[in-house]
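Taking it in order: structure first as structure tokens, then the write-up.
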Amino acid sequence: MASISMSHIVKKYGDGFPAVNDVSIDVADGEFVILVGPSGCGKSTLLRMIVGLEDITSGDMLIGDRRVNELAPRERNLAMVFQNYALYPHLTVYENIAFPLRLAGAKDDEVDKKVRAAAETLELNEHLERKPSNLSGGQRQRVAMGRAIVRNADAFLFDEPLSNLDAKLRGQMRTEISRLQKRMGITTVYVTHDQIEAMTLGDRVAVLKRGVLQQLATPRELYDNPGNLFVAGFIGSPPMNFLPATVEGTTLKLPFGEVQIPQEKAAKVAGKGLLIAGIRPENFAEASAPHARDVSEANTFEASVDVVEWLGNETYAYIPFEAPPEVEAQLDQLAQETDSEALRTQLVVTLDGSSTVKDGDKIKIWLDGSKVHLFDPETTENLTVDASRAGTVPSLGIVAGESSDGAPAGSV
Ligand SMILES: Nc1ncnc2c1ncn2[C@@H]1O[C@H](COP(=O)(O)OP(=O)(O)O)[C@@H](O)[C@H]1O
Ligand SMILES: [Mg+2]
1 MASISMSHIV KKYGDGFPAV NDVSIDVADG EFVILVGPSG CGKSTLLRMI VGLEDITSGD
61 MLIGDRRVNE LAPRERNLAM VFQNYALYPH LTVYENIAFP LRLAGAKDDE VDKKVRAAAE
121 TLELNEHLER KPSNLSGGQR QRVAMGRAIV RNADAFLFDE PLSNLDAKLR GQMRTEISRL
181 QKRMGITTVY VTHDQIEAMT LGDRVAVLKR GVLQQLATPR ELYDNPGNLF VAGFIGSPPM
241 NFLPATVEGT TLKLPFGEVQ IPQEKAAKVA GKGLLIAGIR PENFAEASAP HARDVSEANT
301 FEASVDVVEW LGNETYAYIP FEAPPEVEAQ LDQLAQETDS EALRTQLVVT LDGSSTVKDG
361 DKIKIWLDGS KVHLFDPETT ENLTVDASRA GTVPSLGIVA GESSDGAPAG SV
């Protein structure tokens with residue numbers, strides 16, 4: 001196994017467009033790192049540069065302490081697990097796993113020892129004499145991983161391995177990959193456009209937009225401390241709400257009413273004028289409901305619910321609002337960039353599943369003022385980010401482990 005270090009990696013294709021633009025990511029030995037972002041942001045290009053299937057325009061690619069920029073794929077000792085698993089249908093599971101060893105001319109007893117050890121780890125012992133067509137999707141994925149294991153690869157690389165599966169199987173496979181990766185502790189880089197896969201699988205997640213690294217952080221850091229509007233809008237479902245806002249003293253003025261925010265948050269945006277407030281749906285509660293949390297009368301406001309979606313365990317209430325043109329333009333652009341179809345000028349509020357709110361009702365809502373993020377509508381930066389809990393945010397000069405206030409960084 002080995003670490004992978006990408007330093008100022010640039011990839012320009014023939015037309016000069018930088019598909020990957022000055023990306024630096026360190027993957028520790030044994031770490032599981034996700035590359036996530038909307039289609040076309042450069043994820044596959046970056047992965048292919050790690051494996052050696054794509055030339056690197058500039059920057060350094062290190063595996064362990066070896067610079068591999070000029071090495072051919074087979075000299076890098078990495079294992080790419082493809083979406084279609086690339087299994088040989090006419091070979092048994094045993095021979096599929098053994099394939100790279102046979103290719104390398106290994107002796108029969110060595111092949112047998114390694115194949116059986118891998119099959120043991122992957123719980124495939126009972127299936128060694130079967131053909132891939134008789135296996136489930138999950139079992140096939142394990143065979144593909146077995147082939148990578150017997151090679152003693154330094155790292156596993158996955159490019160959207162689950163994107164063709166139905167939702168249920170995808171969930172199962174996600175758990176499977178996570179379990180195996182933890183058990184084997186093998187360095188893994190995994191590409192996906194699915195933010196749920198990113199949040200559930202990775203030790204750390206690298207969010208990319210148009211070839212540029214936006215943030216590299218643990219799932220919790222990304223969720224709680226997004227560095228900019230893009231990361232905030234991309235991570236989380238239903239997505240974070242974005243509302244036009246101004247701050248006076250510690251009073252946050254929103255389209256629905258006024259709420260109090262903590263002094264240190266207010267201080268970071270003093271004198272800023274129009275802002276975009278980012279509030280996750282679960283940071284609201286229904287103040288008027290019998291099951292309401294113990295909420296103070298402060299930070300509550302009345303709102304008319306347009307549509308209610310009841311999901312059993314929780315309820316989504318949709319509340320339309322109006323935004324000034326500069327905020328609306330920024331939110332339209334964000335919806336495009338994040339491939340989202342969400343209507344950004346309606347508030348989504350998560351209520352308890354036992355809520356009796358109906359379409360058209362007027363309800364009293366409470367907002368947790370300490371959870372509000374405030375973004376600059378021009379630069380889209382999160383002005384209220386907690387730098388000690390945001391991982392690495394290149395555009396803000398925040399580097400994990402180098403927090404300005406001396407607090408320990410990078411912890412979950
Ligand atoms: N072989 C290629 N030649 C020219 N441009 C390419 C090539 N492959 C990808 N690109 C461009 O590079 C950008 C990133 O592509 P890609 O890495 O495939 O994105 P992702 O995997 O995130 O969807 C896109 O704009 C894409 O059009
Ligand atoms: Mg891709």
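Numbering-wise (UniProt numbering), the sequence shown opens with residue 1 and increments by one. Cβ atoms here follow ideal geometry from the backbone N, Cα and C, with glycine treated the same way.
Check: Grouping DSSP H, G and I as helix and E and B as strand, with all else coil, what is P219?
Finding: Numbered from its first residue, the sequence shown carries residue 219 at position 219. Residue state, collapsed to three classes: helix.
Checklist line | Where N299 sits in the DSSP three-state scheme | finding: In the sequence shown, counting from the first residue as 1, residue 299 sits at position 299. Coil.
Check: Starting from M6 and walking both ways along the beta strand (DSSP E), at which residues does that stretch end?
Finding: As a working note, residue 6 is residue 6 in the sequence shown. Counting along the chain, the beta strand (DSSP E) containing M6 begins and ends at I4 to K12.
Next item on the list: Can you grab the Cα-Cα spacing for the pair A329 / A285, in whole Å?
Entry: For this step, residue 329 is matched to residue 329 along the sequence shown. For this step, residue 285 is matched to residue 285 along the sequence shown. Straight-line measurement puts the Cα of A285 at about 29 Å from the Cα of A329.
Check: Is it true that the segment 253–268 meets the segment 351–363, where meeting means three or more beta-carbon pairs spaced less than 8 Å apart?
Finding: Result no; under three Cβ-Cβ pairs closer than 8 Å.
Checklist line | When V399, N382, L128 and I63 are compared against N225, the one with the closest alpha-carbon | finding: Within the sequence shown, numbered from 1, the residue matching residue 225 stands at position 225. Taking only the C-alpha atoms, the option nearest N225 is N382.
Notebook entry, point to check: Ordered along the chain, which non-local residues of its own chain (more than five positions away) have a Cβ less than 6 Å from that of L62?
Noted result: Looking up residue 62 in the sequence shown gives position 62. Result list for L62: S5, in chain order.
Item checked: Backbone secondary structure at S58 - three-state DSSP -> Here residue 58 corresponds to residue number 58 of the sequence shown, with the count starting at 1. DSSP places S58 in strand when its eight states are reduced to three.
Margin query: Considering only the alpha carbon of each residue, which of Y13, A217 and A298 lies closest to F32?
Written below: Here the question's residue 32 lines up with position 32 in the sequence shown. Nearest C-alpha to F32: A217.
Notebook entry, point to check: Does the distance from the CB of A155 to the CB of L35 come in under 8 Å?
Noted result: As a position in the sequence shown, residue 155 is number 155, starting the count at 1. As a position in the sequence shown, residue 35 is number 35, starting the count at 1. A distance of 8 Å or more separates the beta carbons of A155 and L35.
Notebook entry, point to check: Which residues have a Cβ closer than 5 Å to any heavy atom of ligand 1, listed in chain order?
Noted result: For ligand 1, the selected residues are Y13, A19, S39, G40, C41, G42, K43, S44 and T45.
Notebook entry, point to check: Near D339, which residues of its chain fall below 6 Å by C-beta distance, leaving aside the five closest residues on each side in sequence?
Noted result: As a first step, residue 339 must be located in the sequence shown, where it is residue number 339. In its chain, beyond the 5 residues on either side, P38 have a beta carbon closer than 6 Å to the beta carbon of D339.
Note to self: Below 7 Å, is the gap between the Cβ of V191 and the nearest heavy atom of ligand 2?
What the structure shows: Position 191 of the sequence shown, counting from 1, holds the residue named residue 191. Because some heavy atom of ligand 2 lies under 7 Å away, the Cβ of V191 counts as near it: yes.
Checklist line | Distance between S58 and D376 (C-alpha atoms, nearest Å) | finding: Residue mapping note: residue 376 aligns to position 376 of the sequence shown, counting from 1. Residue mapping note: residue 58 aligns to position 58 of the sequence shown, counting from 1. Approximately 32 Å between the Cα atoms of the pair.
Next item on the list: Identify whether D22 lies in helix, strand or coil by the three-state DSSP scheme.
Entry: Position 22 of the sequence shown, counted from the first residue, corresponds to residue 22. When DSSP states are grouped into helix, strand and coil, D22 belongs to the strand group.
Note to self: How far does the alpha helix (DSSP H) with N96 in it extend, from its first residue to its last?
What the structure shows: Within the sequence shown, numbered from 1, the residue matching residue 96 stands at position 96. N96: member of the alpha helix (DSSP H) spanning V93 to L103, first to last residue.
Notebook entry, point to check: Is G401 buried or exposed, if buried means 16 or more other CB atoms sit within 10 Å of its CB?
Noted result: By one-based count along the sequence shown, residue 401 stands at place 401. The residue is exposed, with fewer than 16 neighbouring Cβ atoms inside 10 Å.
Item checked: Closest residue to M184 among A148, G137, R389 and E160 (Cα-Cα distance) -> Translated into positions along the sequence shown, residue 184 becomes position 184. Minimum Cα distance to M184 is reached at A148.
Item checked: Option in V143, I398, A28 and E314 with minimal Cα separation from E120 -> Taking the first residue of the sequence shown as 1, we reach residue 120 at position 120. Cα-wise, what sits closest to E120 is V143.
Check: Between Q260 and the rest of its own chain, which residues show a CB-CB distance below 8 Å, the 5 nearest in sequence each way excluded?
Finding: Along the sequence shown, one-based indexing puts residue 260 at 260. Excluding sequence positions up to five before and after Q260, its CB lies within less than 8 Å of the CB of T250, T251, L252, A298, N299 and G369, all in the same chain and listed in chain order.
Note to self: Bridge partners for D352 per DSSP, in chain order?
What the structure shows: What you label residue 352 is simply residue 352 of the sequence shown in a count that begins at 1. DSSP output for D352 lists E314 as bridge partner(s).
Notebook entry, point to check: Between which two residues does the alpha helix (DSSP H) harbouring T121 extend?
Noted result: Residue 121 sits at position 121 when you count from the first residue of the sequence shown. Per DSSP, the unbroken alpha helix (DSSP H) holding T121 starts and ends at D108 to T121.
Next item on the list: In angstroms with no decimal places, state the Cα-to-Cα distance between N313 and M1.
Entry: As a first step, residue 313 is located in the sequence shown; it is residue number 313 there, counting from the start. As a first step, residue 1 is located in the sequence shown; it is residue number 1 there, counting from the start. One Cα belongs to N313, the other to M1, and the distance between them is close to 43 Å.
Check: In the DSSP assignment, what are the bridge partners of P320?
Finding: Within the sequence shown, numbered from 1, the residue matching residue 320 stands at position 320. BP columns for P320 point to Q346.
Checklist line | Supposed contact pair E160 and T188 - C-beta distance, whole angstroms, cut 8 Å | finding: Within the sequence shown, the letter at position 188 stands for residue 188. Within the sequence shown, the letter at position 160 stands for residue 160. Going by Cβ atoms, the distance from T188 to E160 rounds to 14 Å, so no, they are not a contact pair.
Next item on the list: Tell me where the beta strand (DSSP E) around G278 begins and ends.
Entry: Residue mapping note: residue 278 aligns to position 278 of the sequence shown, counting from 1. Segment L275 to I279, the beta strand (DSSP E) holding G278.
Notebook entry, point to check: Who does E248 pair with in a DSSP beta bridge?
Noted result: For this step, residue 248 is matched to residue 248 along the sequence shown. The bridge partners DSSP lists for E248 are T251.
Next item on the list: Decide yes or no for the touch test of the segment 237–249 against the segment 263–280: beta carbon pairs closer than 8 Å, at least 3 of them.
Entry: Contact holds: three or more Cβ-Cβ distances are below 8 Å.
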